Amino acid sequence: MKRILLIIVLITAVIVAFSQDEFTLAKKGERAPDFTYDVSKTKTQKLSDLKGKIVLINFFATWCGPCRKELPVLEKDVYSKYKNREDFKLLIFGREHDWATVDTFKTANKFSMPFYPDLERKIFALYAGQNIPRNFIIDKTGKIVYSSIGFAEEEFEELKTTLKDLLK
Numbered sequence: 001m002k003r004i005l006l007i008i009v010l011i012t013a014v015i016v017a018f019s020q021d022e023f024t025l026a027k028k029g030e031r032a033p034d035f036t037y038d039v040s041k042t043k044t045q046k047l048s049d050l051k052g053k054i055v056l057i058n059f060f061a062t063w064c065g066p067c068r069k070e071l072p073v074l075e076k077d078v079y080s081k082y083k084n085r086e087d088f089k090l091l092i093f094g095r096e097h098d099w100a101t102v103d104t105f106k107t108a109n110k111f112s113m114p115f116y117p118d119l120e121r122k123i124f125a126l127y128a129g130q131n132i133p134r135n136f137i138i139d140k141t142g143k144i145v146y147s148s149i150g151f152a153e154e155e156f157e158e159l160k161t162t163l164k165d166l167l168k
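Numbered per this note's numbering, the sequence shown spans residues 1 to 168.
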């Protein structure tokens, strides 16, 4: 009985993992979709303006439990390590959040990382249909070299290794 239950759990996990991938629109090996984002309340920038840099894009929501677990690790293990590098940029987008929401969340959680709004999910919609948190690493040529869904410490280690290799 335990063996059957274990098999059912494993099959379910595989199905969930593969079904989530159908919602990933921007895939590893493809050119990253370009977009314009608000750098501040008065200034915008395009992703393509960051060509020549390694870009880590993170999509989160303030109400998302896995996001709230991932963000402190992102700050400690990634942002604090690479924030002063000219060839690295971290873009954290609050899905369906405005400036007030991302600023309040950042302050309340004592983050120093940059947060940006994606109020109408326009940026998120270029990369995925649903499921957060999500991470995409874009290399210096503008190609997606890593993507992840959800937060698992083992998978986050792969993200860190990918960044380390790209930023040697």
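Every residue, glycine too, gets a C-beta built ideally from N, C-alpha and C. Predicted model only: the values in this text are computed from it and were never measured.
{"Asked": "Alpha carbon of R85 to alpha carbon of I4, nearest angstrom", "Found": "51 Å"}
{"Asked": "Alpha carbon of K122 to alpha carbon of Q130, nearest angstrom", "Found": "12 Å"}
{"Asked": "Check whether F60 and P133 have beta carbons under 8 Å apart", "Found": "yes"}
{"Asked": "Contact the region 139-146 vs the region 24-37: 3+ CB pairs below 8 Å", "Found": "yes"}
{"Asked": "Range of the contiguous alpha helix (DSSP H) that encloses I123", "Found": "K122 to Y127"}
{"Asked": "Reference D139; option with closest CA among T162, E158, E157 and T36", "Found": "T162"}
{"Asked": "6 Å Cβ shell around V16 - same chain, five flanking residues per side excluded", "Found": "Note that V16 scores 45 on pLDDT, short of 50, meaning its location in the model is unreliable and no value can be drawn from it."}
{"Asked": "Limits of the beta strand (DSSP E) - the one that T176 falls within", "Found": "This structure gives no information on residue 176, because the portion of the chain shown stretches from 1 to 168."}
{"Asked": "Neighbour-count burial assignment, V55, 16 or more Cβ in a 10 Å radius", "Found": "buried"}
{"Asked": "Those residues which DSSP pairs with I92 across a bridge", "Found": "N58 and F115"}
{"Asked": "L25 beta carbon near the ligand ADP (any heavy atom closer than 7 Å)", "Found": "Only the bare structure without any ligand can be found here, which leaves the ligand ADP out of the picture."}
{"Asked": "Exposed unless 16 or more other CB atoms sit within 10 angstroms - verdict on V14", "Found": "Its pLDDT being 49, under 50, V14 is placed unreliably by the model, and nothing is read from it."}
{"Asked": "Top-ranked residue by Cα proximity to P117, from N109, F105 and K160", "Found": "F105"}
{"Asked": "Short Cβ contact (8 Å threshold) for H97 with T62", "Found": "yes"}
{"Asked": "Host alpha helix (DSSP H) of T36 (start-end)", "Found": "Looking at the DSSP string, T36 is not in any alpha helix (DSSP H); the run it does join, the beta strand (DSSP E), is T36 to D38."}
{"Asked": "Of the residues D49, K27, K53 and Q45, the one placed nearest L166, counting alpha carbons only", "Found": "K53"}
{"Asked": "Which listed residue (K27, K83 and N58) has its alpha carbon closest to that of G150", "Found": "N58"}
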